[in-house]
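Top to bottom, those sequences are chains Y and C.
Residues in the first sequence are numbered from 1 upward in steps of one, following the numbering used here.
Residues in the second sequence are numbered from 221 upward in steps of one, following the numbering used here.
Read the structure below first, then the notes.
There are 2 protein chains.
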Amino acid sequence: MTAVSVTHESPSREKVETNILMAAEEVFSQYGYRGASLQVIADRAGLPKANILYYMGSKQALYVRLLNRMMHRWNKVLEDITPESDPATVLSDFIRAKMVLGQRYPEGSKLFAAEILAGAPFLSDYLAGELREWVASRAAIIRQWSAQGKMDTVDPKWLIFLIWSATQHYTEYSAQVSGILGRDALTEEDVESISAFLEHVILKGCGITQASTNAHLVEK
Amino acid sequence: MTAVSVTHESPSREKVETNILMAAEEVFSQYGYRGASLQVIADRAGLPKANILYYMGSKQALYVRLLNRMMHRWNKVLEDITPESDPATVLSDFIRAKMVLGQRYPEGSKLFAAEILAGAPFLSDYLAGELREWVASRAAIIRQWSAQGKMDTVDPKWLIFLIWSATQHYTEYSAQVSGILGRDALTEEDVESISAFLEHVILKGCGITQASTNAHLVEK
DNA sequence: ACTTATATTGACCGATCGGTCAGCACAATC
DNA sequence: GATTGTGCTGACCGATCGGTCAATATAAGT
Numbered sequence: 001m002t003a004v005s006v007t008h009e010s011p012s013r014e015k016v017e018t019n020i021l022m023a024a025e026e027v028f029s030q031y032g033y034r035g036a037s038l039q040v041i042a043d044r045a046g047l048p049k050a051n052i053l054y055y056m057g058s059k060q061a062l063y064v065r066l067l068n069r070m071m072h073r074w075n076k077v078l079e080d081i082t083p084e085s086d087p088a089t090v091l092s093d094f095i096r097a098k099m100v101l102g103q104r105y106p107e108g109s110k111l112f113a114a115e116i117l118a119g120a121p122f123l124s125d126y127l128a129g130e131l132r133e134w135v136a137s138r139a140a141i142i143r144q145w146s147a148q149g150k151m152d153t154v155d156p157k158w159l160i161f162l163i164w165s166a167t168q169h170y171t172e173y174s175a176q177v178s179g180i181l182g183r184d185a186l187t188e189e190d191v192e193s194i195s196a197f198l199e200h201v202i203l204k205g206c207g208i209t210q211a212s213t214n215a216h217l218v219e220k
Numbered sequence: 221m222t223a224v225s226v227t228h229e230s231p232s233r234e235k236v237e238t239n240i241l242m243a244a245e246e247v248f249s250q251y252g253y254r255g256a257s258l259q260v261i262a263d264r265a266g267l268p269k270a271n272i273l274y275y276m277g278s279k280q281a282l283y284v285r286l287l288n289r290m291m292h293r294w295n296k297v298l299e300d301i302t303p304e305s306d307p308a309t310v311l312s313d314f315i316r317a318k319m320v321l322g323q324r325y326p327e328g329s330k331l332f333a334a335e336i337l338a339g340a341p342f343l344s345d346y347l348a349g350e351l352r353e354w355v356a357s358r359a360a361i362i363r364q365w366s367a368q369g370k371m372d373t374v375d376p377k378w379l380i381f382l383i384w385s386a387t388q389h390y391t392e393y394s395a396q397v398s399g400i401l402g403r404d405a406l407t408e409e410d411v412e413s414i415s416a417f418l419e420h421v422i423l424k425g426c427g428i429t430q431a432s433t434n435a436h437l438v439e440k
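Right under this line is the structure:
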């Protein structure tokens, strides 16, 4: 029974798997679930196609595994944001966390975007469940801030969507952004400049006096 | 020679073509270029597959035709925005025009998004050419406004991208938005509420005193 | 009525799709 | 050294891919 013997996961297996996952994330993020082919993934991973199936079981299993991995990264960022403090720090943290997330995992973010574009066939439960609750709880906090006069009265959902979209844009539309900027990729200075801009506009636009406390995130 | 005889486009042909284009736009927008199949398009159009090829020539020709159609719609909206007036009206018009565009042509917008996600293989020239110029010319105007003290000094490109992304979000991420809102689609009230919110936050965030002139766009 | 151009489509092509499987390589166990 | 279990992969499967083509139907021109 293999269920009993631990066989403590040969170290090579993990390497092979992450190799496959990396290749698959690139391909799926570009072409979506249906547009991606196992052959292309295999080629990019430098393995025969049958090997992909051997490790991942099926195209769908590989895809949902990638989706889950990305959602965990995403959740980790979300739970790091403590809603205790003032609006300025919370929103500022949220903006910068999402910018970093997109820069750190560009393929994963695009994968997510392609899934949503296709109508979220694999994520509809997550969207209507976990994520919806997260939005609702955050919306309640924002509403409190408005009631306390800490910020303008705005629809919290639109605000959350605004931050989401404005940050997401630079990873999903990287082809458009670099096409227009005439640059291959965003530099670190770009990212910092964009983050500061979004911080400025969104906080000020919501009537939040920007606290100097967000300096704790800026390096120099 | 058919080149000489005009044969003034039989009326049925036009109907068939728009029927195919509609079906194709739906399928391409969901699955992207590679993920879409002519068979699915044909089924949705209620025609045999060979008929699609007869009218459109090839999958690629059909796809680029859809892209061009969407870009023309898009350009029409852009050129309607006259940069003569004050920042408040121009930005407000831009926000609302983009919201309307996304609501009017949701499939076309998603098609565009899928193309960019895939790395813009068919649109790289357009992005680095026409669109880049458009952004540059608008950026120059915004920079003037800043110099004249009409608004805060912000990077105009980030501002344009912000408006772009914030509006686009509600069409491309409609699956996510409706999943979170628990509604099938946005109502007219939603769209008006979102537009007003974006107007409020972005104008205020850029230090623009919101002119009452934007009332000309609000019906009641 | 006869010709001619166009519209329509079933049948088919080679290529590729996701997935299966038998068989080989290789190390560990007995 | 024979046995066993796992890693690995070439060969193959039916289905579907984009695209071609011959045949037929329909309409237009003469």
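Using N, Cα and C, we set each Cβ at its ideal position, and we do this for glycine too.
These numbers come from a predicted model, not from an experiment.
Would residue i count as contacting chain C if we go by Cβ distances under 8 Å?
| i | result |
| --- | --- |
| Y:H72 | no |
| Y:K98 | no |
| Y:M1 | In this prediction, Y:M1 scores a pLDDT of 34, lower than 50, which makes its location untrustworthy; no coordinate-derived value is stated. |
| Y:S165 | yes |
| Y:R44 | no |
| Y:A88 | no |
| Y:I116 | yes |
Tell me the DSSP secondary structure of residue i in three-state form.
| i | result |
| --- | --- |
| Y:I23 | Looking at the sequence shown, residue 23 of chain Y is not Ile but Ala. In this structure, Y:A23 counts as helix in the three-state DSSP scheme. |
| Y:G207 | coil |
| Y:L159 | helix |
| Y:V16 | helix |
| Y:G108 | helix |
| Y:V201 | helix |
| Y:D86 | coil |
| Y:I154 | This sequence places Val at residue 154 of chain Y; Ile is not what is there. Y:V154: coil per DSSP, three-state reduction. |
| C:Q388 | helix |
| Y:R132 | helix |
| Y:G119 | coil |
| Y:D43 | helix |
| C:V368 | The question names Val, yet the displayed sequence has Gln at residue 368 of chain C. Three-state result, C:Q368: coil. |
| C:G255 | helix |
| Y:G102 | helix |
| Y:I194 | helix |
So with Cβ pairs under 8 Å, would you call residue i a contact of chain Y?
| i | result |
| --- | --- |
| C:G369 | no |
| C:Q250 | yes |
| C:K269 | no |
| C:Y283 | no |
| C:R254 | yes |
| C:L437 | Model confidence at C:L437 stands at a pLDDT of 45, short of 50, so the residue's coordinates are unreliable; what they give is reported in the following sentence. No, no contact with chain Y. |
| C:S277 | In the sequence under discussion, the amino acid at residue 277 of chain C is Gly, which differs from the Ser named in the question. False, the Cβ-Cβ gap to chain Y never drops below 8 Å. |
| C:I301 | no |
| C:S344 | yes |
| C:I315 | no |
| C:A243 | no |
Here's a check: name, in chain order, each residue in its chain whose Cβ is nearer than 6 Å to the Cβ of residue i, leaving out the five neighbours to either side.
| i | result |
| --- | --- |
| C:D300 | none |
| Y:A36 | V27 and F28 |
| C:T391 | G322, P326 and S329 |
| Y:M56 | L62 |
| C:I362 | P376 |
| Y:A113 | E172 |
For a quick check, are the C-beta atoms of residue i and residue j less than 8 Å apart?
| i | j | result |
| --- | --- | --- |
| C:L337 | C:L287 | no |
| Y:I41 | Y:A24 | yes |
| Y:M71 | Y:V191 | no |
| Y:L203 | Y:A97 | no |
| Y:S174 | C:D375 | no |
| Y:A166 | C:L382 | yes |
| C:Q399 | Y:A50 | Contrary to the premise, residue 399 of chain C reads as Gly rather than Gln in this sequence. No, these two residues do not count as a Cβ contact at 8 Å. |
| Y:L198 | C:Q396 | no |
| Y:D152 | Y:G207 | yes |
| Y:K150 | Y:D93 | no |
| Y:I95 | Y:S12 | no |
| Y:Y31 | C:G252 | yes |
| Y:K157 | Y:A139 | yes |
| Y:W145 | Y:L78 | no |
| Y:A45 | Y:N75 | no |
| Y:G205 | C:G402 | no |
Excluding the 5 residues preceding and the 5 following residue i in the sequence, name in chain order all residues of the same chain whose CB lies nearer than 8 Å to its CB.
| i | result |
| --- | --- |
| Y:R229 | Chain Y is shown from 1 up to 220; residue 229 of chain Y falls before or after that span and cannot be answered. |
| Y:V201 | none |
Enumerate in chain order the residues of its own chain whose CB-to-CB distance from residue i is below 7 Å, with the five nearest sequence positions on each side excluded.
| i | result |
| --- | --- |
| Y:E17 | Y55 |
| C:K279 | L258 |
| Y:D184 | S178 |
Contacting positions in the stretch 186 to 208 of chain Y - beta carbon closer than 8 Å to chain C | S193, I194, F197, L198, H200, V201, I202, L203, K204, G205, C206 and G207
Contacting positions in the stretch 348 to 365 of chain C - beta carbon closer than 8 Å to chain Y | A348, L351, R352 and V355
Quick one, which residues of the stretch 371 to 405 of chain C are near chain Y if we go by CB-CB under 8 Å, in chain order?
-> D372, V374, D375, K377, W378, L379, F381, L382, W384, S385, A386, Q388, H389, Y390, E392, Y393, A395, Q396, V397, G399, I400, L401 and G402
Of all the residues that make up the stretch 101 to 114 of chain Y, which are near chain C by a beta-carbon distance shorter than 8 Å?
-> K110, A113 and A114
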